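Heads up, the thing below is written out as structure tokens.
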Amino acid sequence: MKKLIVMKHSKYEFERKILNLSHDELIKKYNKERANLNAIMQGHEHQLMVREQVQNFIPNATFCMVDEINDIIVGYDLVIVFGGDNSMTKVSCHVGDIPIIGVNSDPDRSVGHLTRWAIHDEHDVMDFIEMLDFHEYEIEEWQRLEATLDGKLITHATSEYYFGERMRNKMSRHVLIFNGREYEQKCSGIIIATGAGSSGWYRSITGGNIMWKPTYDVAAFVVSEPYNPQRDGCYHGELAPGNEIVLYSLNDDYGIASADSWDEFPFTRGTEARIYPGRPLNVLVPRIKNDTR
Numbered sequence: 238m239k240k241l242i243v244m245k246h247s248k249y250e251f252e253r254k255i256l257n258l259s260h261d262e263l264i265k266k267y268n269k270e271r272a273n274l275n276a277i278m279q280g281h282e283h284q285l286m287v288r289e290q291v292q293n294f295i296p297n298a299t300f301c302m303v304d305e306i307n308d309i310i311v312g313y314d315l316v317i318v319f320g321g322d323n324s325m326t327k328v329s330c331h332v333g334d335i336p337i338i339g340v341n342s343d344p345d346r347s348v349g350h351l352t353r354w355a356i357h358d359e360h361d362v363m364d365f366i367e368m369l370d371f372h373e374y375e376i377e378e379w380q381r382l383e384a385t386l387d388g389k390l391i392t393h394a395t396s397e398y399y400f401g402e403r404m405r406n407k408m409s410r411h412v413l414i415f416n417g418r419e420y421e422q423k424c425s426g427i428i429i430a431t432g433a434g435s436s437g438w439y440r441s442i443t444g445g446n447i448m449w450k451p452t453y454d455v456a457a458f459v460v461s462e463p464y465n466p467q468r469d470g471c472y473h474g475e476l477a478p479g480n481e482i483v484l485y486s487l488n489d490d491y492g493i494a495s496a497d498s499w500d501e502f503p504f505t506r507g508t509e510a511r512i513y514p515g516r517p518l519n520v521l522v523p524r525i526k527n528d529t530r
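Residues in the sequence shown are numbered from 238 upward in steps of one, following the working numbering.
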């Protein structure tokens, strides 16, 4: 089984790179901002330790960093992501049908709702990876979303799409068409989430009471902070297989469509968006052995 291992940069590494700063310059910046320097450097050392540990355990795999993944991955039988939820959603946009495993590389600092494993489960996760060559696994199909803008397909979403003004202090406006009815809405944007995304942004908007498994083939939408809500305004609903949401942008500043808070596309006035359940994400999990006693 040909494996691609994708690792995340530490905060320290990432900011040195994007800000183009020396070590001393970045430390000075952190101190000026009153950032928790000890926590940042501890996190950095931890990521380096995990990287070395994984490279020693799976020496024959191909290794790369999350920010190097920008095109569809080909030529591998499995992708293993060591990072957090953001790393998982970033990479999942590029795996196509290739199975994926998510491992939380720093569970002390990251919740990791989308990562089945944590690096603290060292023996469990490493044993599982070792057994993959013996086909001791099953595949879970996680529901994803697809969307078009004026008929052109955009990046699919593992967690959620956001449609609305890019600047959240601007009023978002759109026409929503759902289940044969049409609604003109003013709000702070609309979120369409899968089960994988139901524990994130969607959960914050709905008050944290509604979550469902990533394998459920149902998505849901919620309108954020609707202005002057009406009883029949359709601010929340379920999106079942075979159904779709249609949005027409009335944004008058700079509307966007955002996929998993990674890829961003213009959703300016007059743009038509269609959102619907898409092809699943193939997630590897241990094979459930039947008790033959």
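Glycine is no exception: its CB is placed at the ideal position from the N, C-alpha and C atoms. All values reported here derive from a predicted model rather than from experimental measurement.
Item: Less than 8 Å between C-beta atoms, sequence neighbours within five positions excluded: which residues of the same chain meet that for Asp-528?; Value: Low confidence applies to Asp-528: its pLDDT is 45, below 50, so where it sits in the model is not reliable enough to give any reading.
Item: Does the distance from the C-beta atom of Gln-380 to that of Thr-443 stay below 9 Å?; Value: no
Item: Would you tell me roughly how many angstroms separate the C-alpha atoms of Ser-342 and Ala-272, rounded to the nearest one?; Value: 22 Å
Item: Which same chain residues, not among the five before or five after Met-325, have their C-beta less than 7 Å away from its C-beta?; Value: Val-318, Gly-339, Leu-351 and Thr-352
Item: Quick one: any contact between the segment 257-267 and the segment 292-306, if contact means 3 or more CB pairs under 8 Å?; Value: no
Item: Taking DSSP as the reference, what is the three-state secondary structure of Leu-476?; Value: strand
Item: So, are the CB atoms of His-179 and Glu-250 less than 9 Å apart?; Value: Beyond the ends of the chain as shown, which are 238 and 530, falls residue 179; an answer cannot be given.
Item: Can you name the start and end residues of the beta strand (DSSP E) that Arg-253 belongs to?; Value: Unbroken run through Arg-253 is the alpha helix (DSSP H), 248-256; no beta strand (DSSP E).
Item: Note down the Cα distance separating Gly-426 from Met-404, rounded to an integer number of angstroms.; Value: 10 Å
Item: For Glu-402, which residues from the same chain have a beta carbon less than 6 Å from its beta carbon, with the 5 sequence-adjacent residues on both sides left out?; Value: Ser-409, Asn-488, Asp-490 and Gly-492
Item: Once the 5 residues before and after Glu-383 are set aside, which same chain residues still bring their CB inside 7 Å of it?; Value: Leu-390, His-393, Tyr-513 and Gly-515
Item: Taking only runs of the beta strand (DSSP E) that begin and end inside the segment 467-515, which ones reach a length of at least 3 residues, in chain order?; Value: 473-476, 482-486, 492-496, 500-503 and 509-514
Item: Which partner residues does Lys-269 have in the DSSP bridge list?; Value: In the DSSP output, where bridge partners are listed per residue, Lys-269 has none listed.
Item: Given a cut-off of 9 Å, decide if Ala-494 and Tyr-399 are closer than it, judged by their beta-carbon atoms.; Value: yes
Item: Would you kindly work out how many angstroms separate the C-alpha atoms of Gly-434 and Leu-518, rounded to a whole number?; Value: 13 Å
Item: Which same chain residues, not among the five before or five after Ser-247, have their C-beta less than 6 Å away from its C-beta?; Value: Gly-280, His-281 and Gln-284
Item: Can you check the segment 271-332 for any beta strand (DSSP E) of at least 3 residues that lies completely inside it and give the ranges in chain order?; Value: 299-302 and 315-320
Item: Let me know the secondary structure DSSP gives Thr-443 once reduced to three states.; Value: helix
Item: Could you please give me the residues that DSSP links to Leu-386 through a beta bridge?; Value: Lys-389 and Ala-510
Item: Distance, Cα to Cα, Asp-334 vs Asn-465?; Value: 43 Å
Item: May I ask which residues mark the beginning and end of the beta strand (DSSP E) holding Phe-371?; Value: Neither: Phe-371 is in no beta strand (DSSP E) and is coded neither H nor E.
Item: Using C-beta distances below 8 Å, list every residue in its chain close to Thr-505, excluding the 5 sequence neighbours before and after it, in chain order.; Value: Ser-486, Asn-488, Tyr-491 and Gly-492
Item: Based on DSSP bridge pairs, tell me the residues matched to Arg-405.; Value: Looking at the DSSP assignment, Arg-405 forms no beta bridge with any residue, so it has no partner.
Item: Report the rounded CA-to-CA distance for Glu-337 versus Gln-467, giving the unit in angstroms.; Value: The residue you asked about is not Glu; residue 337 is Ile in the sequence shown. Near 43 Å, if we compare the C-alpha coordinates of Gln-467 and Ile-337.
Item: Within the continuous beta strand (DSSP E) that includes Val-522, where are the two ends?; Value: 518-523
Item: Quick one: using the 10 Å Cβ neighbour count with 16 as the cut-off for buried, is Val-459 buried or exposed?; Value: buried
Item: Return the residue from the list Glu-367, Gly-470 and Glu-481 that minimises the CA-CA distance to Ala-456.; Value: Glu-481
Item: How should Pro-478 be labelled, buried or exposed, when 16 other C-beta atoms within 10 angstroms of its C-beta is the threshold for buried?; Value: exposed
Item: Going by beta-carbon coordinates alone, are Val-520 and Ile-366 separated by less than 9 Å?; Value: no
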